[in-house]
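Numbering (the numbering used here), first residue to last: 13 to 336.
Each residue gets a CB set at the ideal place from its N, CA and C atoms; glycine is no exception.
Shown next, in C-alpha cells, is the structure this report addresses.
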Amino acid sequence: MSPTASHPESGRLFSHVTAQAPGKVNLSLAVGGPRPDGYHPVASVYLAVSMAEEVTATPRADGDVTVSLADNSSVFVDPDLIPQDSSNLAARAALLLREHLGLDPATHGVHLEITKQVPVAGGMGGGSADAAAALMACAALWDAGLSRQDLASIGASLGADVPFAVMGGAAVGLGVGDELTPLLARHPVHLVLVPAATGLSTPQVYALLDRLRAEGTLPTPDTDPEVDRDLVQALTAGNAEELALLLRNDLQVPAATMVPELSEMLDVGLEEGALSGQVSGSGPTVMFLTRSAEESFQLAARLEDRTGVAAIAVHGPVHGARVL
C-alpha cells in the first residue's frame, strides 16, 4: 500500500495515525454465577477516566502486523508483561479490522507502537483500551469510514471491555459487560488510583469468587444481577457523598484474599480522608473517591508520603477512543 493514508475527517495525507483510548474503573460491579459457557453475567457501572493509552499506527507494505512498546510508557508498566507479537490485543484488533474491511493482507500491514499509562493487569481495562485505540487508529489509517458504534461492535469479539473503551463516558454494562447503556453523567467524579506492584489474573479472581461462594464464605449470587438505581442517580446528580455509600465490587473480597495488602491500602485511604474506596474491577488497582480535584491531589500526596507507593489523581467521565 502507499506509505501515506488519508484521514477520513480532514482528507489530508499522513504517514501515521495516533489514537488514544481511556482506562476505566467500575463504580459498581455485581457478578452473577457462572453460565454454562463459563462466563459470568454482570451488572456494572463503568467510568472512563483520565488515564489513557495511545497507539500509533504506521503502514507496513509487507503485510505484517507488529507491535512495540514506547519508551515513554508509565513506570507502572512492566515491559515483560506486554506481549509484543500477534497475541497482543492491539494487534488482534488491527487484524480483525483488516479482515472486516476485506483489505489485502499481503499489502495492508501496520506497525503499532503502544504508549501505556494504564497499569497492566490492574483491573482498569488497559489491554482493552489498547485494542480500542488500535481500532480507531487503523480505521483512520485505512480510511474505513466506520462509525464509533461500528468499531465498538467489531471490538466486542476481542473482550467485554473493548466496546466501552471505544465509547467512553459513563455507562451501565450488562451481559458480560458488553451490553452498554450510556449514562448522562455531566458532573466530574474525582478519584485517586493506587496501582499495585504486581497484576492479578482476572480469570483467577473470578475462579476464587466462585469457590468462596460455593464454600458459603460469600453469599449466593443473583441469577441476573442488577445495577443499583440509587448509585446511578448519585452519579448523574454529581452527589459524591451519596455515591461513596453505594460503591460495590463483588470481586473485591477474592482480589484482597489473593493480595492482602489491598485491604491495608483501603484502610489507609479512608484514614487519610477518602470518602470511600474499593478495588477497581478484578484488581489490584485500588481507587478512592473524593469531592474535588483539589482533594484528590491532596489525598494522593498524603498516601505517597505515608506509604511510599505512587498515587495518581484522575477524574471521569472522559471521552472514548479518538484520533489525536
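Item, Value
"So M136 is in the beta strand (DSSP E); what residue range does that whole segment cover?", "That residue, M136, is in no beta strand (DSSP E); it is neither H nor E in DSSP."
"Out of curiosity, what's the CA-to-CA distance linking P53 and S40?", "14 Å"
"Grouping DSSP H, G and I as helix and E and B as strand, with all else coil, what is R223?", "helix"
"Give every residue of the same chain whose Cβ lies closer than 7 Å to the Cβ of G189, excluding the five residues on either side of it in the sequence, and list them in chain order.", "V54, S56, A172, D173"
"My assumption, with CB atoms under 8 Å, is that A143 sits in contact with G167. Please give the rounded CB distance.", "6 Å"
"Round the Cβ separation of I126 and L205 to the nearest angstrom and send it over; I've been treating them as touching at under 8 Å.", "Actually they do not touch by this definition, with Cβ atoms about 20 Å apart."
"How many Å lie between A151 and H112 at the Cα?", "11 Å"
"Check the C-beta distance from S304 over to H202 and give it rounded, since I have them as a contact under 8 Å.", "6 Å"
"Suppose contacts are defined by Cβ-Cβ distances below 9 Å. Is R160 in contact with A333 by that definition?", "yes"
"V67 and A133 look like a contact to me (Cβ under 8 Å); what is the Cβ gap, rounded to whole Å?", "In fact, because the Cβ distance is near 19 Å, the residues do not count as touching under 8 Å."
"In the DSSP assignment, the beta strand (DSSP E) including I126 goes from what residue to what residue?", "121 to 127"
"Roughly how many angstroms lie between the CA atoms of L301 and Y51, to the nearest whole one?", "29 Å"
"Among P329, R47, A156, which one has its Cα closest to the Cα of G250?", "P329"
"Determine the direct distance from the alpha carbon of G114 to that of T210, and round the result to whole angstroms.", "40 Å"
"DSSP three-state call for V188: helix, strand or coil?", "coil"
"Distance check for S308 and D279, CA to CA, integer angstroms please.", "17 Å"
"Going by C-alpha to C-alpha distance, which of R223, G187, S27, A219 sits closest to L124?", "S27"
"For P53, decide whether its Cβ has a neighbour in chain B, counting only Cβ atoms nearer than 9 Å.", "Judged by its chain identifiers, the structure shown contains no chain B, having just a single protein chain."
"Are there 16 or more other CB atoms within 10 angstroms of the CB of G320, so buried, or fewer, so exposed?", "exposed"
"Compare the Cα-Cα distances from D97 to each of V37, V122, P266, S85 and report the closest residue.", "V122"
"Within this structure, are the beta carbons of D222 and A42 separated by less than 9 Å?", "no"
"Using the rule of at least 16 other Cβ atoms within 10 Å of the residue's Cβ for burial, across every protein chain shown, is L282 buried or exposed?", "exposed"
"Identify which residue in V184, L230, N38 has its Cα closest to the Cα of M136.", "N38"
"At 3 residues or longer, what runs of the beta strand (DSSP E) sit wholly inside the region 29 to 64?", "29 to 43"
"Using a threshold of 9 Å, state whether the C-beta atoms of S294 and V217 are closer than that.", "yes"
"For L311 and D74, I'd like the C-alpha separation in whole angstroms.", "50 Å"
"Measuring straight from C-alpha to C-alpha, what distance separates L224 and P48?", "19 Å"
"So the candidates are A118, M277, A197, G289; which of them puts its Cα closest to the Cα of T248?", "A197"
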